[in-house]
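Below: one structure, written as structure tokens.
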Amino acid sequence: MDRYPRVLVISTVSFNLEAGGGVTMTNLFRGWPTNNIAQIYSHGVNNKDKSVCRTYYHIPAIHRGLALMEGQPLFRKDALGRALRRYKTHRLLRLDKQFQECIAFARNFKPDVAYVRPMDKPSSYWWLCHDLCKLLNIPYVTHIMDDWPARYVDDAKSGGAHGVPPGIRGKIKSARMNRSLRKLFGGASANIAISPEMAAGYYERYGQRFVPFHNSVDTARWESLSKPKPSGKAGVDRTFVIRYIGAVVPDKELLSLQEIAKAVKSLNAKGRQVRLEIHCGPMWNNTVDEQLADEPNTVRGAFLSQDELPGALSSADLLVLPMNFDARSMKYVGYSLQTKGPEYMASATPILVYGPSSNPNVRYARDGGWAAVVDRHSPNGSEIESKIEELIRNPDAARALGARGKETARANHDSSVVSSRFQQLLREVADSRS
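Taken in order, the sequence shown gives residues 459 to 892; the numbers are from our numbering.
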């Protein structure tokens, strides 16, 4: 087998540099020949990254009617497949054409292995990944980054929410999801989780082994940066700049960001000069403007390109890594490690992690000593305020935290190690086909 087998990526989200999942995929595949990667996707039409993948096939995020196609009816020649193809409704004809084109795209690419990343929406990916790979007779590797299956089940039990149908429809769809995922994970040559906690939890839930892979960072690139040394005492003679980079999702980090913003406002009211800057992708601009922006305390900064990111993180006085404390968020990201973590660490800027003590990011920061941690809920921001004040008063301790973060990035998240290990896994799976 070639050192770089041909990989068909089947993921709801395209390779991109704006959202965590897309960034992680991009970093894991970086260095792979672009002509040996093709992707089938549904979300991210306008922000596809072509530095890693240039061959894309887009499936519109259509929901209604797709359940009829589960179990390969379009791919097989039995009575069900023939009956569905005779069912000449406009929608089914359109879907039939769409998926026949998808099959042709995949066949023409001639993949050796598939990397599949299903999500809650579109639900077609629950079964498409498994059935398409079976049709192509290729092995596949799954990757899960957030515990969306648990959130989906909870939403179905609570009467339907966030796109989950209410009542019996939701319960039926939830059961169908579990059945499809068990088949997907059971048929995989390898399953990837985002954290050791997810690997252990999913083994217990699905009875399949998962290997953890997190986002990687090119530490050599960051080593070449010299950290700025501004004059004056931060928070007194000049503004103490706190930066957050990434998504602003209601059931992940929005609520905790609002509590950090309260802490910043309180510090300014007491005479400190502190500003929280939130740099997010365009899809979250309205959320920030409507629910967080409070000039001059909290402002929305410009979206940062990958070239701008190192300078922005290195020039901040503090970086914040928030996770919500509400039950729904804790269920969704209870196994997740934030994509931005390794980049934060590589910057050598002090980090403040704010989230529940059970969250993997909090445990990792506390055990590794690479960040200041607030793991008790602080709705009015008072405990966050105290921690920020402590870092302002003790710049030497803050710098030591930053140095520890940089060491951790080098030891645990360097792309030369993480991406190589990931790519070796794909090669081994592709080799198992021959």
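Glycine included, C-beta positions come from ideal geometry on N, C-alpha and C.
Taking C-alpha positions only, Val875 is separated from Arg730 by approximately 42 Å.
Here the C-alpha atom of Leu750 lies approximately 23 Å from the C-alpha atom of Pro808. The Cβ atoms of Ala856 and Asp775 sit closer than 9 Å to each other.
For the alpha helix (DSSP H) assignment, the uninterrupted runs of no fewer than 4 residues enclosed by the stretch 586-626 are, from N- to C-terminal side, 606-615.
Just so you know, the alpha carbons of Ile700 and Ser873 end up roughly 26 Å apart. Inclusion of Asp570 and Arg609 in the CB contact set at 9 Å is not warranted, their separation being larger than that value.
Rounded to whole angstroms, the Cβ separation of His871 and His672 is 7 Å, and the two are in contact under 8 Å. In this structure, Ala829 lies near Leu779, with their beta-carbon atoms less than 9 Å apart. Residue Arg667 holds the alpha-carbon nearest to the alpha-carbon of Ala651 among Leu771, Arg634, Thr677 and Arg667.
By the CB criterion at 9 Å, Arg786 and Arg461 fall outside the cutoff. In the structure shown, Gly759 adopts extended strand secondary structure according to DSSP, grouped into three states. By the Cβ-count criterion, Glu753 is exposed, with fewer than 16 other Cβ atoms from all chains shown falling within 10 Å of its own Cβ. Shown here, Arg701 sits in a strand according to DSSP, grouped into three states. Between the stretch 836-852 and the stretch 793-803 there are fewer than three inter-stretch CB-CB distances shorter than 8 Å, so the stretches are not counted as touching. Distance between Met788 and Gly479, taken at the CA atoms: about 18 Å. Residue environment for Gln558: exposed (fewer than 16 other C-beta atoms within 10 angstroms of its C-beta).
Following the DSSP letters along the chain, one finds Gln881 inside the alpha helix (DSSP H) bounded by residues Ser873 to Asp889. CA-to-CA, the gap between Asn649 and Val669 works out to about 6 Å. Contact between Trp584 and Pro597 does not hold, since their C-beta atoms are separated by about 19 Å, which reaches or exceeds 8 Å. About 6 Å separates the CB atoms of Lys641 and His588; that is less than 8 Å, so the two are in contact. Pairing Thr697 with Lys864 gives a Cβ-Cβ distance that is not under 9 Å. When rounded, the separation of the alpha-carbon atoms in Leu683 and Arg637 is 49 Å. The beta carbons of Ile468 and Leu590 sit about 7 Å from each other, so the pair counts as a contact at 8 Å.
Under a 10 Å Cβ-count criterion, Lys728 is classified as exposed, with fewer than 16 other Cβ atoms of the shown protein chains found around its own Cβ. Of the other Cβ atoms in all chains shown, 16 or more fall within 10 Å of the Cβ of Gly860; this residue is therefore buried.
Residues Leu683 of the same chain have their beta carbon placed closer than 8 Å to that of Gly769, with the five preceding and five following residues left out of the count. Contact check for Pro607 and Leu639: beta-carbon distance about 6 Å, within the 8 Å limit, so the pair qualifies.
In this structure, Ser890 places its C-beta atom within 9 Å of the C-beta atom of Ser647.
Counting C-beta atoms within 10 angstroms of its own C-beta, Ile626 has fewer than 16 neighbours from the protein chains shown and is therefore classed as exposed. Rounded to whole angstroms, Ser840 and Gly644 show a C-alpha spacing of 47 Å. Inclusion of Ser653 and Ser794 in the CB contact set at 9 Å is warranted, their separation being smaller than that value. Cβ-Cβ distances below 8 Å link Leu594 to Leu466, Ala564, Arg565, Pro569 and Ala572 in the same chain, with the five nearest sequence neighbours on each side left out; the list follows chain order. With at least 16 other beta carbons inside 10 angstroms of its own, Val675 counts as buried.
Straight through space, the alpha carbons of Asn744 and Lys845 are spaced by roughly 29 Å. Per DSSP, reduced to three states, the secondary structure at Tyr661 is helical.
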